[in-house]
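The listed protein sequences correspond, in order, to chains A and B.
Here our numbering is used: the first residue of the first sequence is 4, the next is one more, and so on.
Here our numbering is used: the first residue of the second sequence is 4, the next is one more, and so on.
All residues carry an ideal CB built from backbone N, CA and C; glycine is no exception.
Please read these numbers as outputs of a predicted model, since none were measured by experiment.
2 protein chains.
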Amino acid sequence: MNIGEIAERIGLPAKTIRYYEGMGLIDPPRRSGGNYRVYGERDLETLRFIQQARQLGFPIKEVAGLLQLWRDHGRSSADVHRLAVERMRQIDLKIAELQRMRRTLETLVERCHGDERPDCPILDELAGGNIG
Amino acid sequence: MNIGEIAERIGLPAKTIRYYEGMGLIDPPRRSGGNYRVYGERDLETLRFIQQARQLGFPIKEVAGLLQLWRDHGRSSADVHRLAVERMRQIDLKIAELQRMRRTLETLVERCHGDERPDCPILDELAGGNIG
DNA sequence: CTTGACATTCCCCTTGGTGGAAGCCCCATC
DNA sequence: GATGGGGCTTCCACCAAGGGGAATGTCAAG
């Protein structure tokens with residue numbers, strides 16, 4: 004299977020697959036006579052794992068850690084658990100930050116009439132210096 | 004006022020202030036004899052405006068737009084309103100995405116006992132290929 | 001006069017890829 | 001056998017929003 008085909012099957016750009024290889028997430032596959040990367044079913048599984056982990060927001064380095072744990076049959080599930088809990092915590096922090104922004108914006112937007120007149124509480128508050 | 008002082012007063016690293024200058028958000032200030040940047044009270048106001056806008060999640064380019072509107076006394080508040088509403092929409096999208104991740108992670112974390120045993124539903128689902 | 005704190009410019013690093021150029025490879029068609 | 005088109009290769013540059021640090025210059029105090 005060439006990179007185009009595995010990319011198609013997995014739903015990731017070929018470029019991203021090469022990138023993951025460069026980042027050490029997947030082993031360099033063997034090469035064909037014409038120096039093409041040749042993938043097998045195992046690579047497909049690995050890439051799917053990586054894709055899922057990325058979709059859950061794990062950064063590349065943590066995905067590498069998860070892959071190691073995945074392959075290590077002597078792992079303790081506590082290690083995986085820890086990574087997942089920490090990721091959840093990071094996501095919660097981010098959500099909270101965005102919700103703060105959102106609330107402030109909402110207030111400002113409500114107070115701005117948004118017509119052809121120039122006066123605008125949004126700009127006033129931005130200039131004022133202490134919002135929300 | 005040197006860059007260190009304005010940085011201190013505003014609560015931004017000096018480096019960030021130089022960066023904003025490079026990005027065209029603030030005009031290059033005049034220089035002292037020793038080639039030091041010299042700021043005045045107006046720069047303080049501008050930087051505060053930028054800081055507030057950044058804290059609301061506006062990207063640099065939109066901050067530039069907001070600054071222009073701020074200075075343009077013939078603006079229509081609708082233009083400002085539009086930018087703010089669009090920013091809110093972007094934030095909502097981001098929040099929704101993070102909440103999807105969060106829910107999935109939560110489910111997985113609950114199902115993983117997280118002890119010294121190796122079996123772990125988190126890894127299983129990552130490998131499985133279709134999560135949440 | 002020297003020391004220490006501050007300033008300057010410069011370039012590299014981050015994250016997670018994406019875009020594009022220049023150059024092979026492979027297959028089909030003429 | 002030549003040619004064309006698509007796929008593949010590597011390499012380099014770019015995005016946001018700065019951060020780190022080197023080499024060098026300036027300023028005020030002791």
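Pick from the options that is closest to residue i, judged by C-alpha positions
i, options, result
"B:Gly-43", "B:Arg-51, B:Gly-36, B:Pro-32 and B:Ile-53", "B:Pro-32"
"B:Ile-125", "A:Lys-64, A:Thr-107, A:Val-112 and A:Arg-78", "A:Arg-78"
"A:Leu-129", "B:Leu-69, B:Glu-113, B:Leu-28 and B:Arg-120", "B:Leu-69"
"A:Asp-30", "A:Ile-98, A:Asp-95 and A:Ala-67", "A:Ala-67"
"A:His-116", "B:Pro-16, B:Arg-120, B:Arg-85 and B:Leu-72", "B:Arg-85"
"A:Gly-36", "A:Asn-5, A:Val-83, A:Leu-50 and A:Glu-65", "A:Asn-5"
"B:Gln-71", "B:Leu-28, B:Leu-108 and B:Glu-109", "B:Leu-28"
"B:Ile-94", "A:Ala-99, A:Gln-93, A:Arg-90 and A:Met-91", "A:Ala-99"
"A:Asp-82", "A:Lys-97, A:Glu-65 and A:Leu-96", "A:Glu-65"
"B:Leu-112", "A:Val-112, A:Val-88, A:Arg-114 and A:Glu-119", "Contrary to the premise, residue 112 of chain B reads as Val rather than Leu in this sequence. Answer by Cα proximity: A:Val-88."
"A:Glu-11", "A:Ile-63, A:Leu-47 and A:Lys-97", "A:Leu-47"
"B:Glu-119", "A:Ser-80, A:Arg-114, A:Glu-8 and A:Arg-40", "A:Ser-80"
Minimum Cβ-Cβ distance from residue i to chain A less than 8 angstroms
i, result
"B:Pro-62", "no"
"B:Asp-118", "yes"
"B:Ala-10", "no"
"B:Glu-65", "no"
"B:Val-41", "no"
Neighbour list for residue i in chain A, Cβ cutoff strictly below 8 angstroms
i, result
"B:Leu-15", "None at all; the shortest Cβ gap to chain A is about 13 angstroms."
CB contact below 8 angstroms: residue i versus chain B
i, result
"A:Ile-20", "no"
"A:Pro-121", "yes"
"A:Leu-28", "no"
Where residue i meets chain B, residues with beta-carbon distance less than 7 angstroms
i, result
"A:Thr-110", "Chain B residues near A:Thr-110: none, gap ~10 angstroms exceeds 7 angstroms."
Under 8 angstroms by beta carbon: chain B residues contacting residue i
i, result
"A:Arg-105", "Met-91, Ile-94, Asp-95 and Ile-98"
Closer than 9 angstroms at the beta carbon, the chain B residues around residue i
i, result
"A:Leu-126", "Phe-52, Leu-69, Leu-72, Trp-73, Arg-78, Ser-80 and Val-83"
The ligand NAP heavy atom lying under 7 angstroms from the CB of residue i
i, result
"A:Ile-20", "Within the structure as shown, the ligand NAP is missing, as the structure has no ligands at all."
Discussion item. Report the start-end ranges of each alpha helix (DSSP H) in the stretch 34-116 of chain B that is 4 residues or longer and not cut off at the edges.
Written reply: With a minimum length of 4 residues, the unbroken runs of alpha helix (DSSP H) contained wholly in the stretch 34-116 of chain B fall at 44-58, 63-74 and 80-114.
Worksheet entry | Stretch pair the stretch 47-66 of chain A + the stretch 98-115 of chain B: three plus CB contacts closer than 8 angstroms | Yes, they touch.
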